[in-house]
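Residues in the sequence shown are numbered from 1 upward in steps of one, following UniProt numbering.
Written out below as structure tokens is the structure these notes cover.
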Amino acid sequence: MRILVVSDVHANRAALAAIDEPHDACFCLGDLVDYGPEPSPCVRWAMANADYAVRGNHDHGVAQEVPVTGDVGFRYLTRVTRPDQWDALGPEERKYLLQLPVTQRVTLGDLRFLLVHATPRDPLDEYLLRDEAAWARRLENVDADVICVGHSHMQFKLKVGDQLVVNPGSVGLPRDGDPRAAYAIIEDGRVELKRIAYPIEETIAAIQSAPWPDRARTMLTHVIRNGRLPMPNGVEEPAAAPDGDG
């Protein structure tokens, strides 16, 4: 059994289209929308290709038309890009986002999987990186062999007792300094974290055509090219510094 695991596409069609892996099943761990310029084809891809999918915090925010405040970092980018996301989706795509579950349990072969965007304790919003002790606390009473998570935009696999936590990283908006699309393959219990280059300039051209302020287009272009957000003083964002809006 070969499983493709993707997360945090963020309306980056070109990045998603670059992933061409043979697979028997596909897990999508949420955040198909916000930030990027092409939400519709990304949602359509999930509708057609994701055998099992869960809701991310950005999927929830767009589907429920949740307003965002803030003028710094990714919160600013969410505030600027979100108003256009809902209007860019057709009725079937909106319905798909609205009905996504926040968690999903799947058994494939001999393995029991738990799919969740953030953590089992807080499926939509909690940030947790590669911290074995913290994950051990989150996995108490979680009856699964493999826990697949996203949200942090950081790739990792972590053995926690008899369980395995897998974060495939972000397809469309990496934040670890590597701009290539990130994803994972799980095959017979073995996990391979993978990256693939994609035509970044296609995404940037779409960003430049979007009806957003120059500041937002410049920030997003930097993230797409560099895999992290520039800070106001010109210093790169630390690779593991979430700002509360993954």
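Glycine is no exception: its CB is placed at the ideal position from the N, C-alpha and C atoms.
Exercise. Is ASN12 near VAL171, with beta carbons less than 8 Å apart?
Worked result: As a first step, residue 12 is located in the sequence shown; it is residue number 12 there, counting from the start. As a first step, residue 171 is located in the sequence shown; it is residue number 171 there, counting from the start. A Cβ-Cβ contact shorter than 8 Å links ASN12 with VAL171.
Exercise. To which residues of the same chain is ALA206 closer than 7 Å at the C-beta, ignoring the five residues directly before and after it?
Worked result: By 1-based counting over the sequence shown, the position of residue 206 is 206. By the criterion of a C-beta distance shorter than 7 Å, ALA206 is surrounded in its chain by PRO37 and GLU38, once the five residues flanking it on both sides are discounted.
For this session: Give the C-beta separation of TYR35 and HIS10 to the nearest angstrom, bearing in mind that I take them to be a contact with Cβ-Cβ under 8 Å.
Result: Reading the sequence shown from its first residue, position 35 is the one you call residue 35. Reading the sequence shown from its first residue, position 10 is the one you call residue 10. About 4 Å separates the Cβ atoms of TYR35 and HIS10, confirming a contact at the 8 Å cut-off.
Exercise. In angstroms, rounded to a whole number, what distance separates the CA positions of residue 260 and ALA182?
Worked result: Shown here, the chain extends from 1 to 246; a query on residue 260 therefore has no answer.
For this session: Name the two residues that bound the continuous beta strand (DSSP E) containing LEU164.
Result: By 1-based counting over the sequence shown, the position of residue 164 is 164. Run containing LEU164: 163-167, per the beta strand (DSSP E) assignment.
Problem set entry | Nearest candidate by alpha-carbon position, reference PRO41, set VAL116, TRP86, GLN64 and PRO67 | Residue mapping note: residue 41 aligns to position 41 of the sequence shown, counting from 1. Minimum Cα distance to PRO41 is reached at TRP86.
Exercise. Per DSSP, TYR52 forms a beta bridge with which residues?
Worked result: If you number the sequence shown from 1, residue 52 lands on position 52. Per DSSP, the beta-bridge partners of TYR52 are PHE27.
Exercise. Alpha carbon to alpha carbon, how far is ARG2 from ALA50?
Worked result: Taking the first residue of the sequence shown as position 1, residue 2 is located at position 2. Taking the first residue of the sequence shown as position 1, residue 50 is located at position 50. In this model, ARG2 and ALA50 are separated by some 13 Å (Cα to Cα).
Exercise. If we count the other Cβ atoms within 10 Å of its Cβ and call it buried at 16 or more, is THR218 buried or exposed?
Worked result: Within the sequence shown, numbered from 1, the residue matching residue 218 stands at position 218. With fewer than 16 other Cβ atoms within 10 Å, it is exposed.
Problem set entry | Simplified DSSP assignment, three categories, for GLU140 | Here residue 140 corresponds to residue number 140 of the sequence shown, with the count starting at 1. Coil, per DSSP.
For this session: Would you grab the beta carbon distance between ASP24 and GLY150 for me? Rounded to a whole angstrom, and I think it's under 8 Å.
Result: Residue 24 sits at position 24 when you count from the first residue of the sequence shown. Residue 150 sits at position 150 when you count from the first residue of the sequence shown. Not a contact, Cβ separation roughly 21 Å.
For this session: Would you kindly report the start and end of the unbroken alpha helix (DSSP H) that includes GLU92?
Result: As a first step, residue 92 must be located in the sequence shown, where it is residue number 92. Counting along the chain, the unbroken alpha helix (DSSP H) around GLU92 starts and ends at 91-99.
Exercise. When you compare each of LEU193, ASP145 and LEU115 to THR21 by their alpha carbons, which one comes out closest?
Worked result: Residue mapping note: residue 21 aligns to position 21 of the sequence shown, counting from 1. With the sequence shown as reference, residue 21 is identified as Glu, and Thr is not the correct amino acid for it. That would be LEU193, whose Cα lies nearest to the Cα of GLU21.
Problem set entry | Distance, ILE200 Cα to ALA14 Cα | Counting from 1 along the sequence shown, the entry for residue 14 is found at position 14. Counting from 1 along the sequence shown, the entry for residue 200 is found at position 200. Approximately 7 Å, taken between the alpha carbons.
For this session: Flag this pair as yes or no: are the beta carbons of LEU115 and LEU29 separated by less than 8 Å?
Result: Counting from 1 along the sequence shown, the entry for residue 115 is found at position 115. Counting from 1 along the sequence shown, the entry for residue 29 is found at position 29. In this structure, LEU115 lies near LEU29, with their beta-carbon atoms less than 8 Å apart.
For this session: Grab the span of the alpha helix (DSSP H) containing LYS76 for me, first residue to last.
Result: Reading the sequence shown from its first residue, position 76 is the one you call residue 76. First, the amino acid is wrong: residue 76 is Tyr here, not Lys. For TYR76, the enclosing alpha helix (DSSP H) begins and ends at 73-88.
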